[in-house]
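J.: Could you have a look at this structure, given as structure tokens, before my questions?
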Amino acid sequence: MKKISALISAIIIFSIVFISCKDKDYESIEQYEARMNSLEFLKYYNIQDVMAPRIVTDGVLFTFAENYDSVEVSGDFNNWEDSIPLIKSSYGVYYYLWQTPLKAGKYSYRYRVNGVWINDPVNPYTEYDNNNQSVSYFVLTNDIGFYEKNPIYNSDGTVTFFYSNNTAKEVMFTSDKLGFDSLRYPMTYSNNLWVITLRPESGNYYYNFVVDRIWEVDPLNMNVYKGSDGRLHSYILINYNQTNAIKY
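Following this line, the structure appears as structure tokens:
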């Protein structure tokens, strides 16, 4: 009996050591949940800097600092279709993050403050539009691409997956339909994003981004599945009737 107990204890100890020494190149459920919870805190909620619209890692950031009840923004970037409300940060700075692709060029805009349209008080660049109205403007020297979710459906029947990370040295794309090969499908860094364009058939897909050899799920996709390999995989349905297309 003592021998059996000793054997069981040895197995337990071995299992603990084995698990602790196991390759940790993927997220656990706990790590994933912690990361998802952290995303609930608005990324720019502690922003203090106020300046003219500027490109950040994941969008074009608008900021406004005056102490008003409401601040909205509109301009050429959204075809002046809607006035978009800004969020007030913990430091009293209003901000809004635009995450839709834009072509290089000049973009006019104005803020609506407590219902009154005004130019950006911290941007010295203004001009008169076709209606002889003074407007603020900013200039993009390069095309930029920011998207809300994967994948992007292209007009040529392909889809583009993207991943935002400006410190990674390499990012690979992998999927169950690609045999979860973590080295075969490199993504290209372009316009602040890692991207890869594929021509997959319609259907269900499990996929990951392999960031500097570390497997990660899509931070913009809450649909996550734990595979038999112990890794977490993002899940999507490729459907070419989707409207999540690149628009300029």
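For the sequence shown, numbering that gives the first Met the number 0 gives the first residue as 0, with consecutive numbering after it.
For every residue, glycine included, the Cβ atom is placed at its ideal position computed from N, Cα and C.
Spatial neighbours of Glu169 within its chain, please: C-beta separation below 7 Å, excluding the five flanking residues on both sides.
T.: Taken in chain order, the residues that qualify are Pro185, Asp211.
J.: Taking the straight line between their C-alpha atoms, what separation do you get for Leu60 and Pro218?
T.: If I take the Cα positions, the gap works out to 20 Å.
J.: List the DSSP bridge partners of Trp97.
T.: Paired residues: Val59.
J.: Going by alpha carbons, who is nearest to Trp97 out of Tyr162, Phe76, Ser133?
T.: The shortest Cα separation from Trp97 among Tyr162, Phe76, Ser133 belongs to Phe76.
J.: Given a threshold of 16 other Cβ atoms within 10 Å of its Cβ, counted over all protein chains shown, does Asn149 qualify as buried or as exposed?
T.: Buried.
J.: Round the Cβ separation of Gly74 and Tyr127 to the nearest angstrom and send it over; I've been treating them as touching at under 8 Å.
T.: Not a contact, Cβ separation roughly 15 Å.
J.: Just to confirm before moving on: does the CB-CB distance between Val134 and Asn118 stay below 9 Å?
T.: Contact: yes.
J.: For the putative contact between Phe161 and Val194, defined by C-beta atoms under 8 Å, what is the C-beta separation to the nearest angstrom?
T.: That pair is a contact at about 5 Å.
J.: To the nearest angstrom, how far is the alpha carbon of Lys42 from that of Gly229?
T.: Roughly 30 Å separates the two Cα atoms.
J.: Just to confirm before moving on: does the CB-CB distance between Ile237 and Val112 stay below 9 Å?
T.: Contact flag unset, no.
J.: Rounded to a whole number of angstroms, what is the C-alpha to C-alpha distance between Ile86 and Val115?
T.: Ile86 and Val115: Cα-Cα distance of roughly 17 Å.
J.: Using alpha carbons as the reference points, say which of Pro100, Tyr67, Ser89, Ser88 lies closest to Tyr110.
T.: Closest by alpha carbon: Tyr67.
J.: On the three-state DSSP scale, how would you describe Asn203?
T.: Three-state DSSP puts Asn203 in a strand.
J.: Give, in chain order, every unbroken run of the beta strand (DSSP E) that is at least 3 residues long and sits entirely within the stretch 62 to 116.
T.: With a minimum length of 3 residues, the continuous beta strand (DSSP E) runs that stay inside the stretch 62 to 116 are 70 to 74, 93 to 97, 104 to 112.
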